[in-house]
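Reading through the structure tokens given below for one structure.
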Amino acid sequence: MKPFVLWMTGLPCSGKTTIVKDLQKDIPNLAMLDGDELREWFSPKDFSKEGRDEHNKKVAHLAKLLLKHGVPSAVSLVSPYLENREKAREIINAGDQFAECYVKCSLAKCEERDV
14 MKPFVLWMTG LPCSGKTTIV KDLQKDIPNL AMLDGDELRE WFSPKDFSKE GRDEHNKKVA
74 HLAKLLLKHG VPSAVSLVSP YLENREKARE IINAGDQFAE CYVKCSLAKC EERDV
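Counting from 14, one number per residue, gives the positions in the sequence shown under this note's numbering.
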């Protein structure tokens with residue numbers, strides 16, 4: 014299987030990470046790049062527009078590094094701004110080895126899941 018990057022976007026608690034965990038059962042060596050986990054390692058840790066921009070770029074560079082070494086990855090990140098997702102696509106520069114998936118979930122359901 015060719016390595017790839019799957020960029021999962023959607024509201025917090027929409028199910029992005031759950032979907033990636035399910036994919037890991039079927040795709041050997043699929044690395045999950047979870048935005049919440051990575052935020053603990055990367056700075057800035059704030060949720061300002063600038064903080065989100067920087068965090069998205071760092072995650073994109075990490076996904077690009079994994080791709081370069083033949084490791085498929087799935088990014089689970091809110092990434093609410095189109096410009097951030099376009100920048101991620103540009104940074105990763107993987108053509109047909111990059112896919113973006115919006116996880117649609119109602120705000121009410123997301124709020125219900127939020128713990």
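Glycine is no exception: its CB is placed at the ideal position from the N, C-alpha and C atoms.
Look at Glu113 here: in three-state DSSP terms it is strand.
Comparing alpha-carbon positions, the option among Ser92, Lys100, Val33, Glu96 lying closest to Phe60 turns out to be Ser92. DSSP, read as helix, strand or coil, puts Ala87 in strand. Residue nearest to Pro25 within the set Ser89, Lys70, Glu67 is Ser89 (criterion: CA-CA distance).
Setting aside the 5 residues that flank it on each side, Ser86 is surrounded in the same chain by Val18, Ala44, Leu46, Ala76, Leu79, each with a C-beta closer than 6 angstroms to its C-beta; the list follows chain order.
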